[in-house]
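Participant: Before anything else, here's the structure in question.
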């Protein structure tokens, strides 16, 4: 798979998330996906994402930086949103916050097989 092919798959994955097109998620995510070294499987990964959208109704994934080195992708995702209630243990309660997530992916068979992600929680704390 070329860098361009992998970048296209990733951008389509992000578009799928932003549409909340859960039936299409399996086109991009491997059945045996793991997140931060925890085996989730596709159904667990989908449940995690659905919960993210319940917690943050205006969630929108914005790619700020994308680096492809097949079979890996590194991305910096930017968020500007209003989480309801508690988010990452912080009482955000509908206040608008901006933060980034640094995330690495390993693909297998053209699908995301492993995800490692860190959210910039100190950036959120500084805004509260």
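Numbering (the numbering used here), first residue to last: 4 to 131. Using N, Cα and C, we set each Cβ at its ideal position, and we do this for glycine too.
Buried or exposed for residue 91, going by 16 or more other Cβ atoms inside 10 Å?
Facilitator: Exposed: under 16 other Cβ atoms inside 10 Å.
Participant: In whole angstroms, give me the CA-to-CA distance for residue 77 and residue 129.
Facilitator: Answer to the nearest angstrom: the Cα atoms are 25 Å apart.
Participant: Roughly how many angstroms lie between the CA atoms of residue 102 and residue 64, to the nearest whole one?
Facilitator: Their backbone Cα atoms lie some 11 Å apart in a straight line.
Participant: In angstroms with no decimal places, state the Cα-to-Cα distance between residue 95 and residue 62.
Facilitator: Straight-line Cα distance between these residues: approximately 14 Å.
Participant: Tell me, please, whether the CB atom of residue 76 is closer than 8 Å to any CB atom in chain D?
Facilitator: The structure shown contains no chain D, having only a single protein chain.
Participant: So, helix, strand or coil for residue 59, using DSSP?
Facilitator: If DSSP states are grouped into helix, strand and coil, residue 59 belongs with coil.
Participant: Report, in whole angstroms, the separation of the C-beta atoms of residue 68 and residue 79, which I expect to be a contact under 8 Å.
Facilitator: Right, the Cβ-Cβ distance comes to about 4 Å (below 8 Å), so this counts as a contact.
Participant: Along the chain, where does the beta strand (DSSP E) that runs through residue 105 open and close?
Facilitator: Its beta strand (DSSP E) spans residues 100-111.
Participant: Starting from residue 39, trace the alpha helix (DSSP H) both ways and give me its first and last residue.
Facilitator: Careful: residue 39 lies outside any alpha helix (DSSP H) and carries neither H nor E.
Participant: Hey, could you find the ends of the alpha helix (DSSP H) residue 9 is sitting in?
Facilitator: Looking at the DSSP string, the run of the alpha helix (DSSP H) that includes residue 9 is 6-22.
Participant: May I ask which residues mark the beginning and end of the alpha helix (DSSP H) holding residue 87?
Facilitator: Careful: residue 87 lies outside any alpha helix (DSSP H) and carries neither H nor E.
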